[in-house]
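Working notes, structure below.
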Amino acid sequence: IFMMSMWRTQHPYLGFVYTPKINQDKFQAFHSKYPITNFGYVDTQPPIHKRAPGKLVVAIIGGSVALGFGLDGDEMLTRELKKHEEYKDREIEYVRLGLGGHKQPQQLLTMAYLLSLGAEFDLVINIDGFNEIALPPIENVPAGVYPFFPRAWHFISGDALSREQQELVGLRAVNTKWRRDLAAWFRDSVFRYSVTLQLLWKIRDRSYSGAIGHASKALRDQKPEDRSFRSLGPGMDGIDKDRLHAQLARQWRAASVQLHHLCRENGILYLHFLQPNQYVEGSKHIGPVEHKIAWEEKGDYRKHVVLGYPHLIDEGRKLVSDGVDFHDLTGIFRGYEKPLYVDTCCHFNREGQEIMAKRIAAAVREATDRRASEEAQASRTAKILVSPPSFRLDDPFYQPRIALSLLRSDGSHRPVRSRAIGASWSSADPKVARVTAEGVVVGMRSGTTTLTLSKADESEVRTVPVTVVFPKALAFGTGVPGTGGKAPLLVLGDQPANANTVAVVEIHGARARASGVLLIATAPVATAGSGLLLSEKCAILPLSCDGNPNVPGSGHATVKIPMGESGGSGIAYFQAMLRDPEAPGGWSISNALRVELGTGGTTQRR
């Protein structure tokens with residue numbers, strides 16, 4: 049399926065991702081059991097996950113084989129990982145970052161991009177190799193496009209396809225669907241036992257395959273009308289076509305080394321796996337059934353696997369020397385007689401994914417043991433460094449992480465986790481700032497405190513001063529607009545608190561004479577559709593606005609928060625819901641407001 053597929057769209061940093069808001073039912077029926085998220089990945093939720101005690105965040109990156117592994121190999125991987133003592137009681141969260149056609153350096157850029165957005169991972173599994181070695185000589189190079197640009201970049205970088213290109217794309221898609229539908233019908237039909245009908249099916253299948261191949265080749269042969277840098281990049285300057293596969297393999301290795309460094313500096317365990325392929329000589333017995341569906345003797349994929357995989361295997365050995373936890377999986381299906389591959393490219397069925405999951409999990413367990421041993425040894429001989437040495441927090445929603453490393457005798461640094469060296473964090477005043485077991489600093493209210501890292505044997509202690517300077521009142525969120533097209537504005541009132549009142553809040557810009565409720569909680573109130581999610585942790589106060597019904601948005605109310613309604617934490621979150629027939633769901637919703645109780649004054653906007 050080519051880059052110009054309706055399921056792919058340009059991405060400013062990653063080349064392309066899948067298209068959010070596409071026909072999800074059609075996409076899932078054809079391609080996946082999961083939808084496309086608003087980040088363009090196939091998953092149940094966006095990719096910005098956070099580490100937490102009792103949780104293991106696992107990212108799976110690569111091309112379509114990695115995508116398939118994240119969808120069909122995850123259950124087996126979970127079972128196998130939980131055989132390890134460190135993972136048996138942890139909840140495993142998968143972040144599925146594999147995309148059909150992705151190739152290095154897209155995996156490297158994906159990880160850098162998500163980390164910069166605040167994503168956190170414990171483990172990164174990279175499954176790749178085929179796309180890097182087979183796609184550039186088939187798609188980019190014949191069109192004069194830089195081989196290290198995303199696949200078929202001349203198609204996706206343009207504003208539109210030509211009429212001829214559109215017809216070829218449609219022809220390929222229609223024949224692909226017809227071929228798949230016929231195979232599915234024949235597989236489930238009693239006619240599959242008929243030798244004559246098997247022959248007829250095979251003839252028809254080859255006809256569809258030929259039409260698909262013809263359309264694919266015609267697309268590859270299309271020369272881009274746009275000869276600009278946008279379409280071609282650096283072009284083929286500096287590329288030796290006679291040594292193309294060696295150059296592709298070297299770049300694949302270099303990208304993995306950089307990904308290894310990026311993960312190491314962020315305390316992430318990184319493992320790299322070269323994916324198996326049926327065209328690697330001696331890698332699997334291909335019987336007559338599998339040969340019909342997964343072998344194309346004169347196909348381009350076979351040609352470039354035969355020419356390129358030896359270079360990948362050779363560069364993989366060098367990756368091990370580079371310190372990367374690399375594993376060659378090209379032989380994992382050796383000895384399996386049953387059909388595993390499902391097409392003439394590189395993909396395999398669920399059983400194949402589960403075989404791969406067992407091998408990957410074994411490698412992760414070994415790497416976990418090795419890291420624990422190395423960290424324990426290093427902690428006995430190296431000095432613990434803490435970075436940064438102090439914190440000043442001025443945003444309640446910013447939660448930085450304290451980085452730990454070990455200073456070796458040769459002057460080099462090694463990132464380390466607190467639990468790996470038998471150390472734990474504590475706060476002198478958790479009401480000002482607390483710290484999680486993973487070293488994440490959570491500011492609570494203005495003040496100063498000291499965070500302490502101490503080892504169980506008290507052999508080393510490190511302290512980190514923290515100053516918290518939060519606004520007394522912070523407005524955030526946009527709310528839901530009602531009458532007049534604006535959301536009600538919730539601010540901290542100017543009236544000072546007294547012995548019976550911990551805060552005074554005001555509502556402006558609401559519907560005149562509207563009634564509603566003010567929600568009070570110790571954490572931001574969750575949304576539910578066009579409303580707010582009430583929970584047992586929320587206190588509810590009734591409110592009623594005054595104002596002129598003839599003037600939209602003139603509604604106003606002042607609410608005094610009595611002692612005992614705030615939960616006693618010293619911090620409260622407020623949000624108002626007001627009846628409004630012009631609002632979605634019949635309720636307009638104010639912005640949210642974070643208040644340090646017992647204060648009054650100016651509200652800052654986030």
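Residue 49 is where the sequence shown starts when you use our numbering, and the numbers rise one by one after that.
Backbone N, C-alpha and C fix where the C-beta goes; we use that ideal spot for every residue, glycine too.
So what does DSSP say about K724, is it helix, strand or coil? Look at the range of the chain in this structure, 49 to 654, and you will see that residue 724 is not part of it.
What number of angstroms, rounded off, separates the C-alpha of L367 from the C-alpha of P519? 50 Å
Can you check which of these residues, C311, L567 and A476, is closest to A587 by C-alpha distance? L567
I believe L157 touches L62 by the beta-carbon criterion, under 8 Å. Please report the beta-carbon distance rounded to the nearest angstrom. 6 Å
Tell me the DSSP bridge mates of Y621? A569 and R642
So what does DSSP say about K431, is it helix, strand or coil? strand
Quick check on this structure: which residue in P336, R413 and V354 has the alpha carbon closest to the alpha carbon of K386? P336
Locate the beta strand (DSSP E) running through F374, then write down its first and last residues. D373 to D376
Answer yes or no: the CB of L355 versus the heavy atoms of the ligand GTP, is any distance below 7 Å? Ligands are entirely absent from the displayed structure, and the ligand GTP is therefore not among its contents.
If you run the structure through DSSP and keep just helix, strand and coil, what is K289? helix
Apply the 10 Å Cβ neighbour rule to P60 and answer buried if 16 or more other Cβ atoms are within range, or exposed otherwise. exposed
CB-CB under 8 Å to A420, same chain, minus the five flanking residues each way: which ones, in chain order? E134 and A468
Could you check the C-alpha separation between T67 and T92 for me, to the nearest Å? 15 Å
Would you check if the distance between the CB atom of E486 and the CB atom of M124 is smaller than 8 Å? no
How is D417 classed by DSSP in three states: helix, strand or coil? helix
Between the segment 475–482 and the segment 407–417, do at least 3 Cβ pairs fall closer than 8 Å? no
To which residues does DSSP link V105 through a beta bridge? E141
Would you tell me roughly how many angstroms separate the C-alpha atoms of G102 and R138, rounded to the nearest one? 5 Å
Does the structure place the segment 236–248 close enough to the segment 185–201 that three or more beta carbon pairs sit under 8 Å? no
Are the segment 104–112 and the segment 138–147 touching, with three or more C-beta to C-beta distances below 8 Å? yes
Measure the C-alpha to C-alpha separation of R228 and Y89 and round it to an integer number of angstroms. 24 Å
Name the two residues that bound the continuous beta strand (DSSP E) containing I588. A587 to S592
For E338 and Y389, which I take to be in contact (beta-carbon distance under 8 Å), what is that distance rounded to the nearest angstrom? 6 Å
Rounding to the nearest angstrom, what Cα-Cα distance links L219 and P153 in this structure? 31 Å
If you drop the 5 nearest sequence neighbours on each side, which residues of the same chain put their C-beta closer than 7 Å to that of P324? S331, L377, T378, I380 and F381
Work out the CA separation of A535 and R558 for me, nearest whole Å. Before going on, a small fix: residue 558 reads as Ala here, not Arg. Distance between the alpha carbons of A558 and A535: 7 Å.
Distance between L626 and T606 (C-alpha atoms, nearest Å): 14 Å
Locate the beta strand (DSSP E) running through L454, then write down its first and last residues. A451 to L455
Look up N86 in the DSSP assignment and say whether it is helix, strand or coil. coil
Please determine, among F178, S279 and M404, the residue with the shortest C-alpha to C-alpha distance to R301. F178
Given W706 as reference, the closest of E313, S563, P600 and Y621 once Cα atoms are compared: Within the shown structure, residues of the chain are numbered from 49 to 654, placing residue 706 beyond reach of any answer.
Between the beta-carbon of A624 and the beta-carbon of V643, is there less than 8 Å? no
Which residues in the same chain have their Cβ closer than 8 Å to the Cβ of L580, if we skip the five residues on either side of it in sequence? L567, V573, A574, Q623, M625 and I637
Compute the beta-carbon to beta-carbon distance between H320 and N188, rounded to the nearest angstrom, for a pair I have assumed lies under 8 Å. Contact doesn't hold; Cβ gap of about 23 Å is too wide.
Since Q58 and L307 are thought to touch, with beta carbons under 8 Å apart, how far apart are those beta carbons, to the nearest angstrom? At roughly 23 Å, the Cβ-Cβ gap does not stay under 8 Å, so Q58 and L307 are not in contact.
For C393, tell me which candidate among I432, L360, V113 and D594 has the shortest Cα-Cα distance. V113
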